[in-house]
Amino acid sequence: MITVGGRRLRRTWLGLLTLSGLARSGYFIPYRYARPARRESYAALEPLFTAATGQFEALLREIERHAAALSAISVEGEGLRWRQMWFPRLDGAAAYTLVRSLRPNRIVEIGSGHSTRFLARAVSDGGLPTRITAIDPAPRASIKALPITHHAKVVEEIDPELITGLAAGDILFIDSSHVAMPGGDVDRLLLDILPRLAPGVVVHIHDVFLPDAYPAEWDWRGYNEQLLVGALMQGGGYEMLFASHYVATRMAACVRETVLARLPLQPGSHETSLWLRKR
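Add 267 to a position in the sequence shown, counting from 1, and you land on the number used in our numbering.
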């Protein structure tokens with residue numbers, strides 16, 4: 268496991284490469300106030316999540332109905348497993364359950380790896396005709412053995428119609444760079460692709476801590492995607508289906524009443540899936 272010091276050193280090295288012009292390894296953004304005085308939750312967003320607790324409870328009940336299938340997933344190993352940091356307990360269980368429940372014709376996943384394994388297992392267990400298309404130049408975990416279509420490219424290089432052609436009940440699964448910059452993946456996805464999706468398409472966005480701020484230990488990542496996501500949610504154009512971080516931090520008692528209490532959660536991992544349905 269890479270230490271916090273190692274991560275900072277790596278980020279510094281990538282920054283030096285970018286500033287020197289030797290390699291473009293990120294973005295350099297001069298910011299006068301480099302240390303915000305406080306790290307606060309977004310109190311104005313809290314009511315949006317509170318209003319959706321009925322939906323969250325409904326999905327927890329649905330997760331419990333799949334307790335046997337979820338318990339059959341390996342704890343450790345090389346393939347699909349619970350003991351990993353990238354797509355932990357609540358995220359994996361919610362993704363599995365929503366695929367089984369929604370029975371989508373298509374799933375387009377942007378950013379692949381452990382999550383792809385959960386999606387593919389749900390399709391297999393449910394005997395679904397779902398076609399999974401993964402878009403990722405370098406998946407976090409091997410997906411070569413999965414019955415999917417894999418485009419080893421960044422999403423900016425993909426024909427947008429591959430995504431905008433999704434129909435009601437289909438899933439757009441986003442777990443990309445998490446960094447909003449003009450012309451980047453987050454920019455194109457949130458401001459160009461999402462507005463063109465059909466009503467009824469289900470959208471997943473990962474690494475969303477709303478209504479809380481990003482944790483301090485993630486500062487080195489430079490993520491800012493959820494700032495746009497928070498603004499998106501205020502417009503009323505999306506129904507909230509599930510929010511892993513909110514459920515883990517505000518509804519822990521409900522979680523303990525389900526199979527989730529018996530599934531392993533890797534120490535230090537964060538459950539951060541946000542599921543929305545376009546109205």
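Cβ atoms here follow ideal geometry from the backbone N, Cα and C, with glycine treated the same way.
These numbers come from a predicted model, not from an experiment.
In this structure the segment 336-351 does not touch the segment 492-510; the number of beta carbon pairs closer than 8 Å is below three.
Around the beta carbon of T539, a 10 Å sphere encloses 16 or more other beta carbons of the protein chains shown; the residue is thus reported as buried. Cβ-Cβ distances below 7 Å link W353 to G380, H381, R407 in the same chain, with the five nearest sequence neighbours on each side left out; the list follows chain order. Cβ neighbours of Q533 within its own chain (closer than 7 Å, five residues either side excluded): R350, Q351, M352, P355. Listed as beta-bridge partners of K545 by DSSP are Y505.
Counting C-beta atoms within 10 angstroms of its own C-beta, W280 has fewer than 16 neighbours from the protein chains shown and is therefore classed as exposed. Restricted to the segment 407-484, the alpha helix (DSSP H) segments that are unbroken, complete and at least 4 residues in length are 428-431, 452-455, listed in chain order.
Between the segment 476-496 and the segment 439-454, the count of C-beta pairs closer than 8 Å reaches three or more; the two stretches touch. Its chain contains N372, R373, A465, G467, V468 as the residues whose beta carbon lies nearer than 8 Å to that of A434, once the 5 sequence neighbours on both sides are disregarded; these appear in chain order. In the displayed model, E492 falls within a helix according to three-state DSSP. If one requires a minimum length of 4 residues, the alpha helix (DSSP H) runs lying completely within the segment 296-377 are 313-317, 320-332, 334-338, 356-369, in chain order. Residue range 381-392 is occupied by the alpha helix (DSSP H) that includes R384. Contact between A510 and F316 holds, since their C-beta atoms are separated by about 6 Å, short of 8 Å. According to the DSSP assignment, T516 belongs to the alpha helix (DSSP H) that extends over 511-517. Taking C-beta separations shorter than 8 Å and ignoring five residues to either side along the sequence, the partners of G535 in its chain run M352, following chain order.
According to the DSSP assignment, R398 belongs to the beta strand (DSSP E) that extends over 398-402.
Comparing alpha-carbon positions, the option among T516, S443, H333 lying closest to A389 turns out to be H333.
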